[in-house]
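**Student:**
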Amino acid sequence: GIQVEQSPPDLILQEGANSTLRCNFSDSVNNLQWFHQNPWGQLINLFYIPSGTKQNGRLSATTVATERYSLLYISSSQTTDSGVYFCAVLYNFNKFYFGSGTKLNVKP
Amino acid sequence: GAVVSQHPSWVICKSGTSVKIECRSLDFQATTMFWYRQFPKQSLMLMATSNEGSKATYEQGVEKDKFLINHASLTLSTLTVTSAHPEDSSFYICSARAPTSGGDPYEQYFGPGTRLTVT
Chain A
1 GIQVEQSPPD LILQEGANST LRCNFSDSVN NLQWFHQNPW GQLINLFYIP
51 SGTKQNGRLS ATTVATERYS LLYISSSQTT DSGVYFCAVL YNFNKFYFGS
101 GTKLNVKP
Chain B
109 GAVVSQHPSW VICKSGTSVK IECRSLDFQA TTMFWYRQFP KQSLMLMATS
159 NEGSKATYEQ GVEKDKFLIN HASLTLSTLT VTSAHPEDSS FYICSARAPT
209 SGGDPYEQYF GPGTRLTVT
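Chain order of the listed sequences is A and B. For what it's worth, the numbering used here labels the leading residue of the first sequence as 1, then goes sequentially. For what it's worth, the numbering used here labels the leading residue of the second sequence as 109, then goes sequentially.
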């Protein structure tokens, strides 16, 4: 199967700081998505980004498929950004695998 | 668009009973749905792939006789946890892929999850 690893596992930021979350995957993938899981467990879809760069407000993401990694950038972090961030990849056009997650805590 | 719902959002049941969880695509047809489980402070683990009109494909280590999956229509997949035990307590999440939505056919849409507690 494919391995999906995220780093760092935990991240503590002061409000207003910037951060970069990384997702490495061990094989070619068909799709990559970034999610934010809120305290109630709901997965909020942040980006669908199999390649290239996308931006949405304070968030942006870049996937370099040839080098098998993706980055999620959070700028000017807010306390509401706290939670767990997952990347997930579609492998062999069939199965969707999640990374281990990055737990972000933004302090006021 | 591309909304996926789950019912119930939480359920408590007694050990030995069965529980059915529904996953519905509300505004699109989904030929393929996926079921995941998530233990506290862990990632989501794929349990099975549900295909409309055919048998589900289970991941290694997932007991297909314990976790019965039925994808009877293009908008509904159900997961039944049979003879539930406390170790089955978990957060169960479904997702759907929408090849006819007009968006990318490989984008996944997730339900809000169902929290199961077995006492």
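In this text, a Cβ means the ideal position worked out from N, Cα and C, and glycines have one as well.
Starting from the beta carbon of residue 42 of chain A, find every residue of chain B whose beta carbon is closer than 7 Å, and list them in chain order.
**Tutor:** Taking the first residue of the first sequence as position 1, residue 42 of chain A is located at position 42. The contacting residues are 220 and 221.
**Student:** Taking 7 Å as the limit between beta carbons, can you name the residues of its chain near residue 60 of chain A, skipping five residues before and five after?
**Tutor:** One-based indexing of the first sequence puts residue 60 of chain A at position 60. These residues qualify, in order along the chain: 53, 54 and 73.
**Student:** Could you check whether residue 226 of chain B and residue 126 of chain B sit closer than 8 Å to each other, using their CB atoms as the reference points?
**Tutor:** As a first step, residue 126 of chain B must be located in the second sequence, where it is residue number 18. As a first step, residue 226 of chain B must be located in the second sequence, where it is residue number 118. Cβ distance not < 8 Å, so residue 126 of chain B and residue 226 of chain B don't count as in contact.
**Student:** Please state if the CB of residue 169 of chain B and the CB of residue 275 of chain B are separated by a distance shorter than 8 Å.
**Tutor:** No statement about residue 275 of chain B is possible, as the shown extent of chain B runs from 109 to 227 and does not include it.
**Student:** Provide the residue(s) that pair with residue 18 of chain A in DSSP beta bridges, ordered along the chain.
**Tutor:** Translated into positions along the first sequence, residue 18 of chain A becomes position 18. According to DSSP, which records beta bridges pairwise, residue 18 of chain A is partnered with nothing at all.
**Student:** Roughly how many angstroms separate the alpha carbons of residue 68 of chain A and residue 171 of chain B, rounded to a whole number?
**Tutor:** Position 68 of the first sequence, counted from the start, is the residue given in the question as residue 68 of chain A. Position 63 of the second sequence, counted from the start, is the residue given in the question as residue 171 of chain B. Each residue's alpha carbon lies about 32 Å from the other.
**Student:** Compare the beta carbon distance of residue 16 of chain A and residue 76 of chain A with 8 Å and say whether it is the shorter of the two.
**Tutor:** In the first sequence, the residue the question calls residue 16 of chain A occupies position 16. In the first sequence, the residue the question calls residue 76 of chain A occupies position 76. Yes, Cβ-Cβ distance for residue 16 of chain A and residue 76 of chain A is below 8 Å.
**Student:** Within the 8 Å Cβ cut-off, does residue 48 of chain A reach chain B?
**Tutor:** Here residue 48 of chain A refers to the residue found at position 48 of the first sequence. Chain B, which has a Cβ nearer than 8 Å to the Cβ of residue 48 of chain A, makes this yes.
**Student:** Just checking: is the beta-carbon of residue 52 of chain A within a distance shorter than 8 Å of some beta-carbon in chain B?
**Tutor:** For the purposes of this step, residue 52 of chain A is taken as the residue at position 52 of the first sequence. Closer than 8 Å: no.
**Student:** Output the distance between the C-alpha atoms of residue 199 of chain B and residue 129 of chain B, rounded to the nearest integer angstrom.
**Tutor:** Taking the second sequence and counting its residues from 1, the one referred to as residue 199 of chain B is at position 91. Taking the second sequence and counting its residues from 1, the one referred to as residue 129 of chain B is at position 21. Answer to the nearest angstrom: the Cα atoms are 11 Å apart.
**Student:** Looking at the unbroken beta strand (DSSP E) that takes in residue 134 of chain B, where does it start and where does it end?
**Tutor:** On the second sequence, residue 134 of chain B is found 26 positions in, with the first residue counted as 1. Unbroken run through residue 134 of chain B: none, as it is neither H nor E.
**Student:** I'd like to know if residue 142 of chain B contacts chain A, where contact means its C-beta is closer than 8 Å to some C-beta of that chain.
**Tutor:** Here residue 142 of chain B corresponds to residue number 34 of the second sequence, with the count starting at 1. Cβ-Cβ to chain A under 8 Å: yes for residue 142 of chain B.
**Student:** Mind checking whether residue 138 of chain B and residue 187 of chain B have CB atoms under 8 Å apart?
**Tutor:** For this step, residue 138 of chain B is matched to residue 30 along the second sequence. For this step, residue 187 of chain B is matched to residue 79 along the second sequence. The answer is no: Cβ separation not under 8 Å.
**Student:** Kindly indicate which residue of A:107, A:106, A:95 and A:9 has the alpha-carbon position closest to the one of residue 165 of chain B.
**Tutor:** Taking the second sequence and counting its residues from 1, one reaches residue 165 of chain B at position 57. Closest option to residue 165 of chain B, Cα to Cα, is A:95.
**Student:** Give me the DSSP bridge partner(s) of residue 128 of chain B.
**Tutor:** As a working note, residue 128 of chain B is residue 20 in the second sequence. Answer by DSSP bridge pairing, in chain order: B:188.
**Student:** Buried or exposed: where does residue 49 of chain A fall if 16 or more other Cβ atoms within 10 Å of its Cβ makes it buried?
**Tutor:** Translated into positions along the first sequence, residue 49 of chain A becomes position 49. When all chains shown are included, residue 49 of chain A counts as buried.
**Student:** Let's see if you can read the secondary structure: which residues bound the beta strand (DSSP E) around residue 31 of chain A?
**Tutor:** Position 31 of the first sequence, counting from 1, holds the residue named residue 31 of chain A. It spans 31-37 - the beta strand (DSSP E) in which residue 31 of chain A sits, taken as one unbroken run.
**Student:** So with Cβ pairs under 8 Å, would you call residue 96 of chain A a contact of chain B?
**Tutor:** Working through the first sequence from its first residue, we reach residue 96 of chain A at position 96. Yes, residue 96 of chain A lies at the interface with chain B (some Cβ there is under 8 Å from its Cβ).
**Student:** In the region 75-102 of chain A, which residues sit with their C-beta less than 8 Å from some C-beta in chain B, listed in chain order?
**Tutor:** Against chain B - using a Cβ distance shorter than 8 Å - the residues of the region 75-102 of chain A are 86, 88, 90, 93, 94, 95, 96, 97, 98, 99, 100 and 101.
**Student:** Which residues of chain A have a Cβ atom closer than 7 Å to the Cβ of residue 154 of chain B, listed in chain order?
**Tutor:** In the second sequence, the residue the question calls residue 154 of chain B occupies position 46. Residues of chain A passing the Cβ test: 95, 96 and 97.
**Student:** Between residue 145 of chain B and the rest of its own chain, which residues show a CB-CB distance below 8 Å, the 5 nearest in sequence each way excluded?
**Tutor:** By 1-based counting over the second sequence, the position of residue 145 of chain B is 37. The residues are 152, 153, 155, 198, 199, 200 and 201.
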